[in-house]
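Visitor:
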Amino acid sequence: KIKILAISGSLRQKSSNTALMKATIGLASENITFTVYDGLGNLPHFNPDLDVEEGPASVRELREQLKQADGVLICTPEYGNGVPGALKNALDWLVSSGEFVNKPTAVISASPSPMGGNLAHASLLLTLQMINAEIVENGKVIIPHITLKLNQEGIITNAETRQELEALLQGLEQACRGQV
Ligand code: FNR
7 KIKILAISGS
17 LRQKSSNTAL
27 MKATIGLASE
37 NITFTVYDGL
47 GNLPHFNPDL
57 DVEEGPASVR
67 ELREQLKQAD
77 GVLICTPEYG
87 NGVPGALKNA
97 LDWLVSSGEF
107 VNKPTAVISA
117 SPSPMGGNLA
127 HASLLLTLQM
137 INAEIVENGK
147 VIIPHITLKL
157 NQEGIITNAE
167 TRQELEALLQ
177 GLEQACRGQV
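For the sequence shown, full-length UniProt numbering assigns the number 7 to the initial residue and increments by one for each residue that follows.
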């Protein structure tokens, strides 16, 4: 089975991105198992002075979970036209350690706005490119008007969105199998 680490960029209890991430996981084939990373809010602010020897335990845990994963799924909101600080902070911890190198990765941004968090999406891709993540085929999905596409029960009610997410999952699975 393929192992995917799923990371939501939102710390909010009722996050639409976390709900969307879970709905996406629900669409996946049974060949994939997901681990939802829940440590984003517990990481210290990135500081190279702390990134020595073993580093902080929470950072070790993040790096270990990434190492164990065949691929990564990120689902993020946009704050202030950019990547949420908590998510960027996690990525900053991963620049030096290299777990993302050649790691098949898919990136979703979702927003109630008509732009879908496109600026956070683009910025996140730049960071992932810098750390040599492999962005998979169909692995870049921007979802505007998320509140109209995901209902209160966390079910995707929009057919086009569902198709986009299914294609993303296929891209992720294929890349993890080394077929692409
Ligand atoms: C936002 N939101 C937002 N949306 C967007 O598309 N671009 C942006 O720059 C911002 N900036 C922003 C700043 C602040 C302070 C807040 C509180 C919100 C709206 C944001 O997309 C919305 O709150 C989402 O619901 C957040 O995602 P989750 O938590 O639902 O996953």
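Just so it is clear, CB atoms sit at the ideal spot from N, CA and C, and this is done for glycine as well. Treat the numbers as computed from the prediction; the structure is a model and nothing was measured.
Taking DSSP as the reference, what is the three-state secondary structure of residue 145?
Guide: By one-based count along the sequence shown, residue 145 stands at place 139. Strand at residue 145.
Visitor: Just to confirm, is the Cβ distance from residue 111 to residue 79 under 9 angstroms?
Guide: Counting from 1 along the sequence shown, the entry for residue 111 is found at position 105. Counting from 1 along the sequence shown, the entry for residue 79 is found at position 73. For residue 111 and residue 79, yes; Cβs fall inside 9 angstroms.
Visitor: Count the other CB atoms, across all protein chains shown, that sit within 10 Å of the CB of residue 167; report buried if there are 16 or more and exposed otherwise.
Guide: Position 161 of the sequence shown, counted from the first residue, corresponds to residue 167. Residue 167 should be labelled buried.
Visitor: What is the rounded straight-line gap between the Cα of residue 23 and the Cα of residue 60?
Guide: Taking the first residue of the sequence shown as 1, we reach residue 23 at position 17. Taking the first residue of the sequence shown as 1, we reach residue 60 at position 54. Their Cα atoms are separated by approximately 32 angstroms.
Visitor: How many Å lie between residue 29 and residue 150 at the Cα?
Guide: As a first step, residue 29 is located in the sequence shown; it is residue number 23 there, counting from the start. As a first step, residue 150 is located in the sequence shown; it is residue number 144 there, counting from the start. If you take the alpha carbons of residue 29 and residue 150, they lie about 16 angstroms apart.
Visitor: Span of the beta strand (DSSP E) holding residue 41?
Guide: Numbered from 1 along the sequence shown, position 35 holds the residue referred to as residue 41. Where residue 41 is concerned, the enclosing beta strand (DSSP E) stretches over 38-42.
Visitor: Near residue 127, what residues of its chain come up, given a Cβ to Cβ distance below 6 angstroms and the 5 sequence neighbours on each side ignored?
Guide: One-based indexing of the sequence shown puts residue 127 at position 121. Excluding positions up to five away in sequence, the list reads 115, 148.
Visitor: Use the C-beta contact count for residue 136: other C-beta atoms within 10 angstroms, 16 or more gives buried, fewer gives exposed.
Guide: Here residue 136 refers to the residue found at position 130 when the sequence shown is read from its first residue. It is exposed - the Cβ of residue 136 has fewer than 16 other Cβ atoms within 10 Å.
Visitor: Return yes when the C-beta of residue 159 is under 8 angstroms from any heavy atom of ligand 3, and no when it is not.
Guide: With respect to ligand 3, the structure offers nothing, as its ligand set consists of ligand 1.
Visitor: Does residue 14 pass the burial test, meaning 16 or more other C-beta atoms within 10 Å, or should it be called exposed?
Guide: For the purposes of this step, residue 14 is identified with residue 8 of the sequence shown, where counting begins at 1. Buried, since its Cβ has 16 or more Cβ neighbours within 10 Å.
Visitor: Give me the residue from 32, 118, 97 with the minimum Cα distance to residue 21.
Guide: Locating residue 21 in the sequence shown gives position 15, where the first residue counts as 1. Comparing Cα positions, the closest option is 118.
Visitor: Looking at C-alpha atoms only, which residue of 49, 62, 41 is the closest neighbour of residue 91?
Guide: Counted from its first residue, the sequence shown places residue 91 at position 85. Looking at the Cα atoms, 49 is the closest of the given residues.
Visitor: Which residue from 165, 19, 35 puts its Cα closest to that of residue 180?
Guide: As a first step, residue 180 must be located in the sequence shown, where it is residue number 174. Cα-wise, what sits closest to residue 180 is 35.
Visitor: Helix, strand or coil: which one does DSSP assign to residue 9?
Guide: On the sequence shown, position 3 is the one that residue 9 refers to. Residue 9 falls in the strand class under three-state DSSP.
Visitor: Verify the contact flag: residue 85, CB atom, against every heavy atom of ligand 1, threshold strictly below 8 angstroms.
Guide: Stepping through the sequence shown from its first residue, residue 85 is reached at position 79. Yes, ligand 1 has a heavy atom inside 8 angstroms of this Cβ.
Visitor: In three-state DSSP terms, what is residue 56?
Guide: Translated into the one-based positions of the sequence shown, residue 56 becomes position 50. The answer is coil: DSSP assigns residue 56 none of H, G, I, E or B.
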